[in-house]
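Its first residue numbered 326, the sequence shown is counted upward by one per residue in our numbering.
For glycine and all other residues, C-beta sits at the position ideal for the given N, C-alpha and C.
A quick write-up on the structure given underneath.
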Amino acid sequence: MIIMDKIQLQELRDLPIEEVAERLGLRVKRHKSLCPFHTDSHPSLSYCTSKNMYRCFVCEAKGGTIDLVMRLLHLDFREACRWLADKHNVILDEWKPQTSDISHQTSLDASQYERFFEHPWLNEAARKFLFTERMLDERVVRWCRLTSWTDRRGVPWLQIPYYNKEGQLVGVQNRNLVKGALPRFRFPQGSECGIYNLPVLNLLKPGEPLFITEGASDCWSMLSAGHKAIAIPSATLLTRKDIELLRNLSTPPSQGGAWGGSFHMYPDSDEPGERLFMQLQQVLPNLVHHQLPPDCKDFSDYYLKKTTA
């Protein structure tokens, strides 16, 4: 069951309407696209970016981001919210206390999950995803302690642990391994899935480059390519705590820092990717921008093309 507060709901409504339309398969050009709600040969669906709304002046279809997903994919309100959250890496709460007198926990109960990652096991779906489709280095999969499980409906899940710099388990991300299935991600109550792969910071040598990726998948590919890397889930999930950690990490040795290396990034080849780079650059002024080839949408795609070339 998805339980959203007003802030999370507003976050979904504030997602750029044209970006949502393009994720739905609509081709947006000059703030217009063909209307999918009636037979349309001339673009009649208009997008108002200032109000973040769409409207067709022929069939009168109109609304915001959630309305567009509901109508085009024939989903109910909650299913549309889940689709938007999965496509844009917005974490929705999986559980909340129903009454105010219940003493709810504010952090992950690590004792319930640590045993899953002590002896990781990969089912057939996970091995296919990680080694056949993603072509990751087995040493990286072991380092990240990726494991898998199958729910009561027979759905295979990849289980991804999040550790802080000290190696303590602080979050768990479950990824659905059935393509196109919803929900795509699940997070146990209290999971802190902020910056991913923080233990790698303990292995940095003075002056060594550190790559920042968007999402765990790109991080696995970067590690498999031989680089030390951490991952940001998305621009919408860059918390003050994460920003402070990055700022402290970027402190040069002359000012008391221990590392003094450089940050590097291959932003995803879309507007959200560039937006995340610009946000990170405000925190890390010396962040180095690397351009992906025109035919690659993200670093995972680039890594696959280089590996199979």
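Enumerate in chain order the residues of its own chain whose CB-to-CB distance from residue i is below 7 Å, with the five nearest sequence positions on each side excluded.
i	result
Ser369	Cys360, Cys381, Phe382 and Val383
Gly492	Pro524
Phe441	Thr472 and Gln484
Val608	Ile568, Leu571 and Arg572
His363	Val383 and Cys384
Pro445	Arg470, Leu471 and Thr472
Is residue i close to chain C? Criterion is C-beta to C-beta, closer than 9 Å.
i	result
Glu439	Of the protein chains in this structure there is only one, and it is not chain C.
From residue i to residue j, what distance separates their C-alpha atoms?
i	j	result
Met460	Cys544	13 Å
Ile316	Tyr379	In this structure the chain extends from 326 to 634, so residue 316 is not present and cannot be described.
Leu315	Val394	Any question about residue 315 goes unanswered here, given that the chain covers just 326 to 634.
Pro486	His367	48 Å
Ile332	Asn522	27 Å
Glu449	Ile537	30 Å
Pro619	Arg477	42 Å
Phe454	Ile391	30 Å
Arg338	Arg509	19 Å
Leu334	Gly388	15 Å
Ala554	Gln498	18 Å
Arg403	Leu397	14 Å
Gln580	Leu528	21 Å
Glu517	Glu385	43 Å
Arg500	His399	24 Å
Asp365	Ala451	42 Å
Cys621	Tyr628	9 Å
Lys504	Trp408	13 Å
Trp482	Leu548	22 Å
Leu535	Thr475	35 Å
His356	Gln616	26 Å
Leu502	Ala556	20 Å
Ile427	Thr632	Because the pLDDT at Ile427 is just 33, under 50, the model does not fix this residue reliably, and the point stays unresolved.
Cys634	Arg464	Reading the sequence as shown, one finds Ala at residue 634 and not Cys. Ala634 and Arg464: Cα-Cα distance of roughly 22 Å.
Pro456	Leu447	Per the sequence shown, the amino acid found at residue 456 is Phe instead of Pro. Distance between the alpha carbons of Phe456 and Leu447: 11 Å.
Leu526	Arg565	19 Å
If I follow the unbroken alpha helix (DSSP H) through residue i, where does it start and stop?
i	result
Gly598	Glu596 to Val608
Ala451	Glu449 to Arg452
Gln333	Lys331 to Arg338
Ser542	Ala541 to Ser549
Ile391	Thr390 to Leu398
Asn501	No alpha helix (DSSP H) holds Asn501; the beta strand (DSSP E) holding it covers Leu494 to Asn501.
Ala346	Ile342 to Arg348
Leu570	Arg565 to Leu574
Arg468	A quick correction: the sequence has Trp, not Arg, at residue 468. Per DSSP, Trp468 belongs to the alpha helix (DSSP H) from Glu463 to Trp468.
Phe362	No alpha helix (DSSP H) holds Phe362; DSSP gives it neither H nor E.
Phe456	Counting along the chain, Phe456 falls outside any alpha helix (DSSP H), and DSSP gives it neither H nor E.
Arg355	Per DSSP, Arg355 belongs to no alpha helix (DSSP H) and is neither H nor E.
Pick out whichever of the options has its Cα sitting closest to the Cα of residue i.
i	options	result
Asp567	Arg403, Pro578, Cys406 and Asn489	Asn489
Ala410	Met590, Phe512 and Leu609	Phe512
Asp595	Asp623, Val608 and Leu574	Asp623
His530	Ala541, Glu539 and His552	Note that residue 530 is Lys in the sequence shown here, rather than His. Checked all of Ala541, Glu539 and His552; the closest Cα to Lys530 is His552.
Val346	Pro486, Ser371, Ile332 and Trp446	Note on identity: in this sequence residue 346 is Ala, with Val being the wrong assignment. Looking at the Cα atoms, Ser371 is the closest of the given residues.
Ser436	Cys621, Leu494, Gln333 and Pro558	Leu494
Trp584	Asp620, Val497 and Gly532	Gly532
Asp462	Ser546, Ala554 and Leu340	Ser546
Lys354	Thr364, Val608, Cys373 and Trp482	Cys373
Val466	Ala550, Gly505 and Arg477	Ala550
Asp434	Leu629, Gln606 and Gly515	Gly515
Glu539	Gly505, Arg600 and Glu344	Arg600
Asp401	Leu507, Ile557 and Gln606	Leu507
Lys630	Pro578, Leu548, Cys406 and Glu458	Glu458
Lys376	Arg407, Leu617, His399 and Glu343	Glu343
Glu443	Ala451, Arg452, Arg470 and Ser432	Arg470
Pro558	Arg464, Pro597 and Lys504	Pro597
Ser432	Gly496, Trp468, Arg464 and Arg407	Gly496
Only counting the same chain, and skipping five residues up and downstream in sequence, which positions put a Cβ closer than 6 Å to that of residue i?
i	result
Ser302	Given a span of 326 to 634 for the chain in the structure shown, any question on residue 302 remains unanswerable.
Arg352	Ser358
Gly479	none
Pro578	Gly585
Ala405	Ile391, Val394 and Met395
Pro341	none
Trp468	none
Gln606	Leu612
Could you please give the first and the last residue of the uninterrupted beta strand (DSSP E) stretch that includes residue i?
i	result
Tyr628	Looking at the DSSP string, Tyr628 is not in any beta strand (DSSP E); the run it does join, the alpha helix (DSSP H), is Phe624 to Thr633.
Leu483	Pro481 to Tyr488
Ile557	Ala554 to Ile557
Arg509	Neither: Arg509 is in no beta strand (DSSP E) and is coded neither H nor E.
Phe588	Phe588 to Met590
Arg380	Met378 to Cys381
If you drop the 5 nearest sequence neighbours on each side, which residues of the same chain put their C-beta closer than 8 Å to that of residue i?
i	result
Asn611	Ser575, Ser587 and Phe588
Phe602	Met590, Pro592, Leu612 and His614
Glu439	Leu494
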